[in-house]
Amino acid sequence: GAPVVLSKGGEQVALRPEEYHPFDPSHGLDLDDISRLNNLHEAPLLHCLKRRFKDNKIYTWVGHVLLSVNPYRVFPTLYNLEDAIESSKFEDVDDAFDVPH
């Protein structure tokens, strides 16, 4: 039968399989590259961005695309000259994609 979930109002709602996506254990991981999540869809992508934002991680890769969430505040330790100099030394572009910045 259809799984049953509780809504916020306490009423039970039965969902058909085409109305939901199964949870994958990778959805709970904090990954620098969201494209590594299994069964990637909108919900785990947004949930991962929300978790990372709460941890002051405003940059996240999705493959070779860098997502940035505007924190509307200043992070004094987010950028520094040493990191900028170090990141400019990468000979292989793929090495620069390890940690979002």
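For what it's worth, this note's numbering labels the leading residue of the sequence shown as 317, then goes sequentially.
Where a beta carbon is used, it is the ideal one built from N, C-alpha and C, also for glycine.
Residue i, DSSP secondary structure in three states
i: residue 383; result: strand
Integer Cβ distance of residue i from residue j, believed to fall under 8 Å
i: residue 351; j: residue 325; result: Their Cβ separation, rounded to whole angstroms, is 36 Å, which puts residue 351 and residue 325 out of contact at 8 Å.
i: residue 384; j: residue 395; result: Wrong, their Cβ atoms sit about 13 Å apart, outside the cutoff.
Closest by C-alpha distance to residue i, when choosing among the options
i: residue 342; options: 354, 336, 364; result: 354
i: residue 346; options: 372, 333, 328; result: 372
i: residue 348; options: 381, 334, 337, 328; result: 381
i: residue 338; options: 368, 319, 370; result: 319
i: residue 340; options: 331, 333, 398, 356; result: 356
For residue i, the first and last residue of its enclosing alpha helix (DSSP H)
i: residue 368; result: 358-370
Terminal residues of the beta strand (DSSP E) in which residue i lies
i: residue 375; result: 375-378
i: residue 329; result: 328-330
Cβ of residue i within 7 Å of any chain E Cβ
i: residue 388; result: You won't find chain E in this structure, because it holds only one protein chain.
Is it true that the segment 355-362 meets the segment 384-392, where meeting means three or more beta-carbon pairs spaced less than 8 Å apart? No: the two stretches stay apart, fewer than three of their Cβ pairs being nearer than 8 Å.
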